[in-house]
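> Going by the numbering used here, the first residue of the sequence shown is number -13, and it counts up by one from there.
For each residue, glycine too, the CB sits at the ideal point set by N, CA and C.
Nothing here was measured: the structure is a model prediction, and the numbers come from that model.
Let me begin by handing over the structure; questions about it come next.
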Amino acid sequence: MSRDLLASRPGTVLWGWLPGAVDRPVLSVATGATVVVDTLSHQGLMPHQGRDPVAYFGAFGVDPAEVLEDARELAASGAAHDPAVDGPHLVTGPIEVRGARPGDVLAVHIAALEPRVPYGVIAARGGAPDELHRIGPAGPVPFRPSLAVMGVATSDGLRRHSGSAGSFGGNLDLPELSAGATLHLPVQAPGALFHVGGPRFGRRPGVPGALWEGPLRATLRLDVIPHAQVRDWSGAGRRPYVTTAEHLVPLGLDADVERALMQCQSQAYGLLAGRYGVPGAAARARLAAADFRIHRSGYGVHARLPLPRRETVAATAA
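This is the structure:
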């Protein structure tokens, strides 16, 4: 099957903003299409870093030949960016998925995430930056790539800050959004208008800012699940959720942690019952044993529940 390659260039990225329904698609594909997106990290491009990736990374010993051409092109383009107003992320898109309609769900399957360069930037400075000291090479760092930003356009046509998250997806920043996972996004505008950014080489869960950032080549399959199929999956059409090979990851997205927790529990219960056929008592028992986490300070809660197996559901229903 053919694949579309989407580069991150001045005409295909928004710096600090999530595309809205008024933005023209930079690519149009059919449902089931596989798209390869060469994402860009903002590291080396920010004003406080000099907006010169060759000079910035060169100061750390990176050969100019290893600095991406698309990063150089964006730096030289004069693209406006005000850190006081704009988010940091470089968001690629939007991608139109033909036939997607409000009420459908866009399933984004992450087939592969590959590093585009042999280096990255650890963004955190720790809780006491004045007490940190350079101690030489740190040794190997585990490579656990993920995509922080994935979303669809909202029906109001507005762009949103790239740091925001909601029913449209956005800056979910979940380590579970790695190769093999599927993000389910409620379609809110015709064509879905999918977008992606925020590539991570790794992160430490539960530690704000503990990120290892760098550009990734993301291979994604975009499938539209019709409203008629998902309308009985309570919670599936209102907020994003994630599935992996082993887990269901429901989300609650609210600045109030208690409300986010209630949303997460409600979505988990609805999906267990509606999509997976788990009876009410068994679904409540699963929730009682679930692992709930605050995944983004000020944005929400997610849970990790083992995916129900057919034989398990049949046994609990007997």
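Taking just the CA atoms, how far does P33 sit from P69?
Within the sequence shown, the letter at position 83 stands for residue 69. Within the sequence shown, the letter at position 47 stands for residue 33. When rounded, the distance between both Cα atoms is 8 angstroms.
> What is the DSSP secondary structure of Y227, counted as helix, strand or coil?
Counting from 1 along the sequence shown, the entry for residue 227 is found at position 241. It is a strand residue.
> Would a C-beta distance cut-off of 8 angstroms place F129 and G188 closer than the cut-off?
For the purposes of this step, residue 129 is taken as the residue at position 143 of the sequence shown. For the purposes of this step, residue 188 is taken as the residue at position 202 of the sequence shown. Going by C-beta atoms, F129 is nearer than 8 angstroms to G188.
> Count the CB pairs spanning the region 222 to 236 and the region 167 to 187 that are closer than 8 angstroms, and state whether there are at least three.
Yes: at least three Cβ pairs fall under 8 angstroms.
> Give me whichever residues DSSP pairs with W198 in a beta bridge.
What you label residue 198 is simply residue 212 of the sequence shown in a count that begins at 1. Paired residue(s): I108 and G188.
> Taking the beta strand (DSSP E) that P80 falls in, what are its first and last residues?
The count along the sequence shown starts at 1 and reaches residue 80 at position 94. Segment L76 to R84, the beta strand (DSSP E) holding P80.
> Secondary structure at V94, three-state DSSP: helix, strand or coil?
In the sequence shown, the residue the question calls residue 94 occupies position 108. In this structure, V94 counts as strand in the three-state DSSP scheme.
> Is the CB-CB distance between V77 and V(-1) below 8 angstroms?
Along the sequence shown, one-based indexing puts residue 77 at 91. Along the sequence shown, one-based indexing puts residue -1 at 13. Contact: yes.
> Who does P88 pair with in a DSSP beta bridge?
Here the question's residue 88 lines up with position 102 in the sequence shown. D90.
> G89: which of R270, P212 and V235 sits nearest, CA to CA?
Translated into positions along the sequence shown, residue 89 becomes position 103. Nearest of R270, P212 and V235 to G89, Cα basis: P212.
> Going by Cα to Cα distance, which pick from C250, G36, A204 and G152 is closest to R(-11)?
The residue you call residue -11 lines up with position 3 of the sequence shown. Measuring from the Cα of R(-11), the nearest candidate turns out to be A204.
> Whose C-beta lies closer than 7 angstroms to the C-beta of D240 among residues of the same chain, with five residues either side of it excluded?
Position 254 of the sequence shown, counting from 1, holds the residue named residue 240. Counting only Cβ-Cβ distances below 7 angstroms, and skipping sequence neighbours, we find A246, Q249 and G286.
> Taking V135 as part of the beta strand (DSSP E), name the residues at either end of that continuous run.
Taking the first residue of the sequence shown as position 1, residue 135 is located at position 149. Element bounds for V135: S132 to G137.
> Ordered along the chain, which non-local residues of its own chain (more than five positions away) have a Cβ less than 8 angstroms from that of S63?
For this step, residue 63 is matched to residue 77 along the sequence shown. P(-4).
> F278 bridges to which residues according to DSSP?
Counting from one through the sequence shown, the residue named residue 278 turns up at place 292. F278 pairs with A289.
> DSSP on V40, reduced to helix/strand/coil?
Within the sequence shown, the letter at position 54 stands for residue 40. If DSSP states are grouped into helix, strand and coil, V40 belongs with the helices.
> Could you tell me how far apart the beta carbons of P236 and Q215 are, in whole angstroms, since I believe they sit closer than 8 angstroms?
Within the sequence shown, the letter at position 250 stands for residue 236. Within the sequence shown, the letter at position 229 stands for residue 215. Their Cβ separation, rounded to whole angstroms, is 18 angstroms, which puts P236 and Q215 out of contact at 8 angstroms.
> Once you ignore the five residues that flank L163 on each side, which residues in its own chain have a CB closer than 8 angstroms to its CB?
As a working note, residue 163 is residue 177 in the sequence shown. The residues are I96, S132, L133, A134, M136, L169 and V228.
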